[in-house]
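Per full-length UniProt numbering, residue 1 is the first one in the sequence shown, and the count goes up by one each step.
Heads up, the beta-carbon is just placed ideally off N, CA and C, and yes, glycines get one too.
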Amino acid sequence: MTNSKVYEKVEKCVEAIRAKTDFVPKVALTLGSGLGDYAKNIDIKAEVSYSEIEGFPVSTVPGHDGKFIFGYVGKTPVVCMKGRVHYYEGYPISDVVLPARVMKMLGAEILFLTNASGGVNYHFSAGDLMLITDHISCFAPNPLIGPNDDRLGLRFPDMSNVYNKDLQEILKKTAIDNGIALKEGIYCQLTGPSFESPAEIRMLRTLGVDAVGMSTVVEAIAANHMGMKICGVSCISNLAAGMSANPLNHEEVQEAADMAAPRFAKLVTESIKQFGDIEWFK
């Protein structure tokens, strides 16, 4: 799909949503495993199912509902993506990042990414929350490959500060104020759907990776391309392959993420409430 067609698809999705709601969000929130019930923290004004948007990809992963939720977290207008799509589900990479682009065109200036991940750092434990300070992409195709559409962003976008420092500071302060332990580290996206091999985990640790998953980085690249401010938090749902005697399975990931969900939700909610204090966000 050429980027002009990508842009047209984004526009059509925005039009379909606008036919159902005129709500203008300022923060876009992508919910990963363990935050499936986060909507109860939102003063909901509208909901739009992905299936109501022609051509929009629908998640096939257990624990990922498929709809946009529009409303307020405190006084901050948000659009919440309840259920994301992944490259391993068979969608082209342009469809995987389509939701991020749509949320930007709906008005969102900040993209708050969350996920469940495997801990690569030996100092991490299942249930830890990690502030994403930078990322590495392994094997997932870059969503900007192909002809560049200047309406989306620059041909060669700078990636020096993908995860906004102001937003990181708010997340760290919010964690301290609410007694929530928050690790920091580098997140790596691989394609999945198979979990990584012990050798791959050793490779990632050598590269300086702290947590690994199957999402987030490509969305961050596309959002950064469009000029969004980005922050991310990862829930360490298990230790990665080769770090414990237990075989990995999705149920374990979901269970650990569910246990961390109350702390995760509190961190997300209280941080979003503070975003309004940032000078460039007012």
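Exposure label - residue i; buried when at least 16 CB within 10 Å
i: isoleucine 44; result: exposed
i: phenylalanine 275; result: buried
i: isoleucine 176; result: exposed
i: threonine 206; result: exposed
i: tyrosine 122; result: exposed
i: alanine 211; result: buried
i: phenylalanine 139; result: exposed
i: methionine 159; result: exposed
i: proline 198; result: exposed
i: serine 117; result: buried
i: glycine 179; result: exposed
i: glycine 227; result: exposed
i: lysine 229; result: buried
Nearest-angstrom beta carbon gap, residue j and residue i [assumed within contact, 8 Å]
i: alanine 108; j: proline 25; result: 5 Å
i: valine 218; j: valine 79; result: 19 Å between Cβ atoms; not a contact.
i: alanine 261; j: leucine 35; result: 6 Å
i: glutamine 254; j: serine 33; result: 6 Å
i: leucine 267; j: leucine 171; result: 7 Å
i: histidine 225; j: proline 141; result: Not really, about 14 Å apart at Cβ, beyond 8 Å.
i: isoleucine 272; j: valine 48; result: The Cβ separation is near 20 Å, so there is no contact.
i: tyrosine 91; j: threonine 191; result: Wrong, their Cβ atoms sit about 12 Å apart, outside the cutoff.
i: alanine 220; j: valine 162; result: 5 Å
i: valine 27; j: threonine 76; result: 6 Å
i: tyrosine 38; j: alanine 181; result: About 20 Å; that fails the 8 Å criterion.
i: threonine 174; j: glutamate 270; result: 5 Å
Backbone CA spacing between residue i and residue j [nearest angstrom]
i: aspartate 52; j: glycine 213; result: The sequence shown places glutamate at residue 52, rather than the aspartate named in the question. If you take the alpha carbons of glutamate 52 and glycine 213, they lie about 29 Å apart.
i: glycine 55; j: asparagine 115; result: 24 Å
i: valine 209; j: glutamate 89; result: 24 Å
i: leucine 106; j: methionine 243; result: 42 Å
i: isoleucine 93; j: valine 10; result: 14 Å
i: isoleucine 186; j: leucine 29; result: 20 Å
i: methionine 103; j: proline 147; result: 22 Å
i: cysteine 231; j: leucine 144; result: 20 Å
i: alanine 223; j: glutamate 15; result: 19 Å
i: valine 85; j: lysine 20; result: 22 Å
i: serine 215; j: phenylalanine 68; result: 18 Å
i: aspartate 149; j: arginine 18; result: 23 Å
Under 9 Å between C-beta atoms of residue i and residue j
i: alanine 46; j: glycine 71; result: yes
i: serine 237; j: glutamine 189; result: no
i: residue 321; j: valine 233; result: What the structure shows of the chain is the stretch from 1 to 282, and residue 321 is not part of that stretch, so it cannot be assessed.
i: alanine 240; j: glycine 127; result: no
i: leucine 131; j: lysine 165; result: no
Enumerate, from N- to C-terminal direction, the unbroken beta strand (DSSP E) stretches of 3 or more residues contained entirely within the stretch 183 to 241.
-> 183 to 189, 211 to 213 and 229 to 239
Point to revise | Ordered list of alpha helix (DSSP H) runs contained in the stretch 68 to 97, each at least 4 residues | key: 93 to 96
Inside the stretch 145 to 178 only - alpha helix (DSSP H) runs reaching at least 4 residues
165 to 177
*Which runs of the beta strand (DSSP E) fall wholly inside the stretch 6 to 39 and span at least 3 residues, in chain order?*
27 to 31
What are the start and end residues of each continuous beta strand (DSSP E) run of 3 or more residues lying completely inside the stretch 116 to 149, in chain order?
129 to 137
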